[in-house]
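What follows is a short report on a single structure.
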Amino acid sequence: MYAIKDQLSASLREIDDAGLTKRERELTTPQSSHVATTAGEALNFCANNYLGLADHPDVVAEARKALDEWGFGMASVRFICGTQTQHRDLERELADFSGTDDAILYSSCFDANGGIFEVLFEAQDAIISDELNHASLIDGIRLSKAKRFRYKNADMDDLRTQLQAAKDADARRVVIVTDGVFSMDGYYAPLEQICDLAEEFGAMVMVDDSHAVGFVGEGGRGTHEHCGVIDRVDIVTGTLGKALGGASGGYVAAHQEIVDLLRQRSRPYLFSNAVAPSVVAGSRRALELARSSGEGRAQLRRNTELFRELMTDAGFELLPGSHPITPVMFPGEDGARQAAQVADAMLRRGVYVIAFSYPVVPTGKARIRVQLSAAHSEDDVRTCVQAFIDARSEVLGS
Ligand SMILES: *Cc1c(COP(=O)(O)O)cnc(C)c1O
16 MYAIKDQLSA
26 SLREIDDAGL
36 TKRERELTTP
46 QSSHVATTAG
56 EALNFCANNY
66 LGLADHPDVV
76 AEARKALDEW
86 GFGMASVRFI
96 CGTQTQHRDL
106 ERELADFSGT
116 DDAILYSSCF
126 DANGGIFEVL
136 FEAQDAIISD
146 ELNHASLIDG
156 IRLSKAKRFR
166 YKNADMDDLR
176 TQLQAAKDAD
186 ARRVVIVTDG
196 VFSMDGYYAP
206 LEQICDLAEE
216 FGAMVMVDDS
226 HAVGFVGEGG
236 RGTHEHCGVI
246 DRVDIVTGTL
256 GKALGGASGG
266 YVAAHQEIVD
276 LLRQRSRPYL
286 FSNAVAPSVV
296 AGSRRALELA
306 RSSGEGRAQL
316 RRNTELFREL
326 MTDAGFELLP
336 GSHPITPVMF
346 PGEDGARQAA
356 QVADAMLRRG
366 VYVIAFSYPV
376 VPTGKARIRV
386 QLSAAHSEDD
396 VRTCVQAFID
406 ARSEVLGS
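Numbering (our numbering), first residue to last: 16 to 413.
Structure representation (structure tokens):
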């Protein structure tokens, strides 16, 4: 064991020497737009709490009530004795929301993505995946024996090339897999063109919409609604761990046959505990609030627009877009250090943001990724912008 411990310590040192050690900041409060950490109070601009539902009183109350009515845990997988009526209710509601026949719950979207590909795609099939897809899609695809093709991020010419390659390889089933929103850029996948190409080549379309469900599109139904292709997407996966309450859980929403087959064969579904009753109840309430809350989405849009406008006026470089993920760019050789120092200086001013640099994003494209929430007030947004301006003068002297 001593030799192994030495090897592991060497790996840890390597990570640290490269400046890549992730240090977890501990909150001493619930997740919210205003939090406290062990380093003091802060306005939070780095959570996926897009609609502010993570500590919404109705969601908390519903989860609390469920503890009394439904108990603490299920102590069973779904197919043995782990299915309450509310699990099926939530699945039907998620399907209705997504515009699909049915849906199936997992412990997380990571599990949903990990459990879908090997069930649906065998050696004679082909999976065509965007190069920037989420780690869970990459891992899930690895578990399948299907032929794999990768296309450049949102590049429709390259997607066509890969579709042709899959066709030339005589693939039986072909699926195009993409994130609905790319989380480092806040860019939407071009779903209309993707659906057009899928139709032309007889392929299916699968979208992981974790950074969209609940708030993207007129009714908050996701990127497929935003792009006007609700009826043309075959499979949607999503998380309950971001806008929809932020607790935990994920799902696949799809055609009936797909959901039915996953219930029979999907390993993370079959061999992992059912989602906790209080989480199911709270998530149902969160989904209901998201569906009925045009006001939350409007507030989120206003906050995003205001932040973009004020930051642009202050001379910051932002990636273009409208998603509440708003990358503030620190280009060039020294960008990684600048972004990290500006983020630190902002935390000292009570604003919590995170800097990302290589290898999470390409070299020379360091950024601070700001995430707006409907829970932010206009004042919160202005405070954040002022902190950016002050931190920039402290770090860069400009
Ligand atoms: C967050 C995220 C996941 C993981 O969701 P969990 O429910 O937390 O496992 C999967 N895919 C994408 C695109 C995500 O952004």
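Glycine is no exception: its CB is placed at the ideal position from the N, C-alpha and C atoms. Computed from a predicted model, the values in this text were never measured in an experiment.
CA nearest to the CA of residue i, picked from the options
i: residue 411; options: 356, 362 and 393; result: 356
i: residue 109; options: 308, 83 and 228; result: 228
i: residue 112; options: 337, 238, 376 and 190; result: 238
i: residue 392; options: 346, 320 and 374; result: 320
i: residue 402; options: 364, 375 and 181; result: 364
i: residue 344; options: 354, 337 and 336; result: 354
i: residue 183; options: 126, 141 and 17; result: 141
i: residue 74; options: 299, 176 and 172; result: 299
i: residue 414; options: 56, 72, 155 and 286; result: What the structure shows of the chain is the stretch from 16 to 413, and residue 414 is not part of that stretch, so it cannot be assessed.
i: residue 390; options: 83, 312 and 149; result: 312
i: residue 337; options: 324, 349 and 346; result: 324
i: residue 368; options: 341, 301 and 376; result: 341
i: residue 271; options: 84, 83, 48 and 119; result: 119
i: residue 347; options: 306, 258 and 379; result: 379
i: residue 284; options: 40, 21 and 95; result: 95
i: residue 258; options: 275, 214, 308 and 248; result: 308
i: residue 206; options: 34, 248, 101 and 370; result: 248
i: residue 49; options: 362, 36, 409 and 34; result: 362
i: residue 303; options: 38, 71 and 32; result: 71
i: residue 318; options: 394, 384 and 351; result: 394
CB contact flag (residue i, residue j, <7 Å)
i: residue 131; j: residue 290; result: no
i: residue 334; j: residue 194; result: no
i: residue 105; j: residue 295; result: yes
i: residue 406; j: residue 360; result: yes
i: residue 230; j: residue 66; result: yes
i: residue 171; j: residue 208; result: yes
i: residue 223; j: residue 149; result: yes
i: residue 269; j: residue 115; result: yes
i: residue 218; j: residue 191; result: yes
i: residue 388; j: residue 64; result: yes
i: residue 232; j: residue 226; result: no
i: residue 69; j: residue 46; result: yes
i: residue 305; j: residue 243; result: no
i: residue 189; j: residue 181; result: yes
i: residue 372; j: residue 381; result: yes
Three-state secondary structure assigned by DSSP to residue i
i: residue 128; result: helix
i: residue 78; result: helix
i: residue 341; result: strand
i: residue 318; result: helix
i: residue 284; result: helix
i: residue 259; result: coil
i: residue 325; result: helix
i: residue 346; result: strand
i: residue 376; result: coil
i: residue 386; result: strand
i: residue 154; result: helix
i: residue 240; result: helix
i: residue 93; result: helix
i: residue 48; result: coil
i: residue 249; result: coil
i: residue 112; result: helix
i: residue 396; result: helix
i: residue 65; result: coil
i: residue 219; result: strand
i: residue 368; result: coil
i: residue 100; result: helix
i: residue 193; result: strand
i: residue 70; result: coil
i: residue 211; result: helix
i: residue 140; result: coil
Integer-rounded CB distance, given that residue j should sit under 8 Å from residue i
i: residue 255; j: residue 265; result: 7 Å
i: residue 221; j: residue 245; result: With 8 Å as the limit, residue 221 and residue 245 do not qualify as a contact, their Cβ atoms being about 14 Å apart.
i: residue 281; j: residue 134; result: 5 Å
i: residue 124; j: residue 253; result: 6 Å
i: residue 151; j: residue 165; result: No, residue 151 and residue 165 are not in contact; Cβ-Cβ is about 16 Å, not under 8 Å.
i: residue 396; j: residue 322; result: 5 Å
i: residue 78; j: residue 297; result: 4 Å
i: residue 44; j: residue 51; result: 5 Å
i: residue 86; j: residue 288; result: Contact flag wrong, Cβ pair sits at about 13 Å.
i: residue 386; j: residue 61; result: 6 Å
i: residue 155; j: residue 129; result: 5 Å
i: residue 137; j: residue 168; result: That belief does not hold up - the Cβ atoms of residue 137 and residue 168 are roughly 27 Å apart, past 8 Å.
i: residue 117; j: residue 274; result: 4 Å
Any chain C beta carbon closer than 7 Å to residue i
i: residue 376; result: In summary, chain C is missing from the structure at hand, where a single protein chain is found.
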